[in-house]
Amino acid sequence: MKWTETYIPTLREDPTEAEIVSHRLLVRAGFIRKLAAGVYNYLPLMQRVLLKISRIVREEMNRAGAQEILMPVLQPAELWQTSNRWETVGKELMKMKDRHLRDLVLGGTHEEVVTFLVRGEIRSYRQLPLNLYQIQNKFRDEIRPRFGLMRSREFLMKDAYSFDANEESFKISYKKMIDAYFGIFKRCGLDTKMVESDTGAMGGKAAHEFMVIVNTDGGENIIFFCDNCDYAANIEKATSIEPAAQEKAGSRNRLQKIPTPQMKTVEEVTGFLNVPASKLVKTILYTADGKTLAALIRGDRQINETKLKNILKSINLEMADPLTVQKITGAEVGYAGPVGLKGVKLIGDKELLLMTDFVTGANEDNYHLINVNLERDFELDLVEDIRNASPGELCPQCHKDRLKTAKGIEVGNTFMLGTKYSRALNATFIDEDGQEKFLIMGSYGVGITRTAQAAVERFHDSSGIIWPVPIAPFSVEVLPVNIQDEKQREAAFEIYNGLKDNKLEVLLDDRNEHAGVKFNDGDLIGIPLKLIIGDKNLKDNKIELKTRCNNETILVDRGEVQEEVTKVLRKLDKK
RNA sequence: CGGGGUGUAGCGCAGCCUGGUAGCGCACAUGGUUUGGGACCAUGCUGUCGGAGGUUCAAAUCCCCCCACCCCGACCA
């Protein structure tokens, strides 16, 4: 393509709308333009990237035996009511009504639709296993869209659904998808880490996420992993082993109520009493589907609401409002404690079992209790793991090494759905033994648009994007320093046409601009390889070949450009 | 949904406090000079000042309502 004939609206300044680097670069380099909050136009360069990623995804999915289909975006509400996700997914669903006031949904995922589809067609185990996938725009009514394509309301996704007759067969299907996913991201130039994740509103037995590790603000997810074994999980799922309490049987001093005027937060209280936060137990009131409960956790830990939600099997879990807190504890927020607390279930974190003589609120304004002990002073209704793991704790799998954390961008996920949807929609088949059984399902997603942005978040420098070769919008950019110069112009077109004949994707910057503009724009849009055609080198019949990733420059003879480009591209691709 | 902020030319912004001619830079157009890292000269074009209502002789500016967008939080298949 010639630049003058392509729609590449680059910006000289950083867009103010963008916060993280990948979002800024995609806007600035002319890849995307916002239409509304969380809704984007994909411009020619972006579309080329998306097509490349999609192509890789297709090839790997097909290789894994999946078949491409295309399902409707528009879906009847009844399907979602049948699976109960009309309720559980609730506000994330993009809902609408047609002229007859019938409820419709813009699909955010297709478990219901695909299950409905196969239930009429799959009757025998002989037709299994089956894996159907599609690449399509998805809709989610995000509470707060942000970070460009990272959390948008309409986005491009590959979703696949597997159907198996039994667990053994399902395991094979699931493994095939995992292998395909590693292959997909690797071919996109991205290293991914697979982590255990919560199943969330998707339901089912277990789930995994594929993370691109970044060290920028774009990494929205925190993952925990062990270097000694293969344990890896996201923060919602991660657990840990706390070293056994050294002085569990330690002192048990007399329970005391002491004044803590205006001290409400963990920091204030522990600072005032001069004890570490780990000696305090915070009591946090929650409302779960209308019922109030108290969650207890060590002062320096954080409640993991996903774990709590799962334990309670609740749909809506939120912190209780100040009025409720006042009503239950008899004190304002900041003085809640378990001793003498009536009318709510007490759910304690496992770690509490290791604590003695701790500090809690006294359920009275401006007072806390010290030397509080379990059993002696109060009892828990439930003891569970309800906190986030912390870096440095022991790995729950091998018990040998300490957990580390990293920030990641989720680009893919896989769910072991079991029979959740087949049961809800009554999708059965007749097995070998003549019995009617529910299909065992899995679902598998790759965020195409998000993968593209993750690549930018992962690969960029102060000048712009550095696309991995396999997903770059073009492989080569031809840059004549001065297009007005007849010789440069002639050489540029000769090389451009030659590369095109060699089936390379090449962009010719034929704009009548200063060299600086073209260099800067070239760096910004991140084409892996630049061929610079300038006066000085052309006199010696040389062309300058420059890589985007490390600014390596070599001079090659004009006649050998084609071979040299192929060679360098191959080398870059291997990286 | 709660808190904070912004909305003026295609983009980035000033003007608003203290009401009275709507401005700057970039971009764009024409002509000319330039061309190895965001050129220069000259001329020119570009506006429902987010929307509706109110106060006033007079509103971008003051008051009220609404909308959109951004940031923090809650949320996140």
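FYI, the numbering for the first sequence is 0 to 574, going by numbering that gives the first Met the number 0. No residue lacks a Cβ here, since even glycine has one placed at the ideal position from N, Cα and C.
For residue i, the first and last residue of its enclosing alpha helix (DSSP H)
| i | result |
| --- | --- |
| ILE327 | 321-328 |
| ALA423 | 419-423 |
| LYS174 | 166-186 |
| ARG569 | 560-573 |
| PHE578 | The question about residue 578 has no answer, for the chain in this structure spans 0 to 574. |
| GLU331 | Unbroken run through GLU331: none, as it is neither H nor E. |
| ILE310 | 304-311 |
| ASP534 | 534-538 |
| GLN46 | 43-62 |
| ARG84 | 84-87 |
N- and C-terminal bounds of the beta strand (DSSP E) containing residue i
| i | result |
| --- | --- |
| MET440 | 439-446 |
| ASN220 | 220-224 |
| GLY360 | 357-360 |
| ALA287 | 280-287 |
| ASN496 | Segment 485-500 is the alpha helix (DSSP H) holding ASN496; no beta strand (DSSP E) there. |
| MET193 | 191-196 |
| ASN370 | 366-371 |
| THR552 | 552-556 |
| GLN80 | Taken as a continuous stretch (DSSP letters only), GLN80 belongs to no beta strand (DSSP E), being part of the alpha helix (DSSP H) at 76-81. |
| LEU506 | 505-507 |
| LYS541 | 541-546 |
Residue j beta carbon less than 8 Å from that of residue i
| i | j | result |
| --- | --- | --- |
| VAL468 | ALA514 | no |
| GLU266 | ARG300 | no |
| PHE30 | LEU44 | yes |
| VAL410 | ALA453 | yes |
| GLY64 | ILE212 | no |
| GLU67 | GLY182 | no |
| GLY107 | GLU91 | yes |
| ILE234 | THR291 | no |
| ALA385 | ILE296 | Per the sequence shown, residue 385 should be read as Ile rather than Ala. In contact: ILE385 and ILE296 (Cβ atoms closer than 8 Å). |
| LYS263 | VAL332 | yes |
| SER172 | GLY417 | no |
| ASN372 | HIS207 | no |
| ASN365 | PRO258 | yes |
| LEU507 | VAL555 | no |
| ASN628 | ALA159 | Residue 628 lies beyond the residue range present for the chain, which begins at 0 and ends at 574; the question has no answer from this structure. |
| LEU155 | ILE464 | no |
Three-state secondary structure (DSSP) of residue i
| i | result |
| --- | --- |
| GLN245 | Because GLN245 sits at a pLDDT of 49, beneath the cut-off of 50, its placement in the model cannot be relied upon, and the point is left open. |
| MET156 | strand |
| LEU24 | helix |
| PRO469 | helix |
| ASP522 | helix |
| ALA205 | strand |
| ARG122 | coil |
| SER461 | coil |
| THR3 | helix |
| LYS529 | strand |
| THR15 | coil |
| VAL268 | helix |
| GLU512 | coil |
| THR9 | coil |
| LEU148 | coil |
| THR238 | coil |
| THR404 | strand |
Proximity to residue i [Cα-Cα], best of the options
| i | options | result |
| --- | --- | --- |
| SER474 | LYS499, ARG125, GLN487 and SER461 | LYS499 |
| PHE138 | GLU551, LEU129, LEU116 and ARG150 | ARG150 |
| LEU575 | HIS109, ILE52, ALA35 and LYS33 | Outside the modelled stretch of the chain, which goes from 0 to 574, sits residue 575, for which no answer is possible. |
| SER239 | ASN519, PRO527, PHE224 and ARG251 | PHE224 |
| VAL117 | PRO527, TYR420 and THR565 | TYR420 |
| PRO128 | LYS541, PHE428 and ARG488 | PHE428 |
| ASP581 | ASP508, LEU307, LEU284 and ASP102 | The structure shown does not extend to residue 581, since the chain is modelled only from 0 to 574, so the question has no answer here. |
| GLN133 | VAL505, ASN61 and SER168 | ASN61 |
| THR282 | ILE531, ILE222, LEU148 and ALA361 | ALA361 |
| ILE221 | ALA205, GLY199, ALA200 and GLU195 | GLU195 |
| ARG547 | PHE169, MET95, LEU571 and ASP356 | LEU571 |
| LYS175 | VAL26, LYS1, SER161 and CYS187 | SER161 |
| ARG280 | MET415, VAL268 and SER123 | It should be pointed out that residue 280 corresponds to Val in this sequence rather than to Arg. Closest by alpha carbon: VAL268. |
| PRO527 | LEU537, ASP509 and VAL564 | VAL564 |
Review point. Using 8 Å as the threshold, is the stretch 77-85 in touch with the stretch 131-146, meaning 3 or more CB pairs across them?
Key: no
Review point. Three or more beta-carbon pairs under 8 Å between the stretch 332-346 and the stretch 370-379, yes or no?
Key: yes
Check your understanding: Do the stretch 222-232 and the stretch 389-402 make contact, defined as three or more Cβ pairs closer than 8 Å?
Key -> yes
**Study point:** the stretch 187-205 touching the stretch 476-494, judged by at least three CB pairs closer than 8 Å
**Key:** no
Point to revise | Stretch-stretch touch, CB-based, cutoff 8 Å, three pairs: the stretch 490-506 with the stretch 560-572 | key: yes
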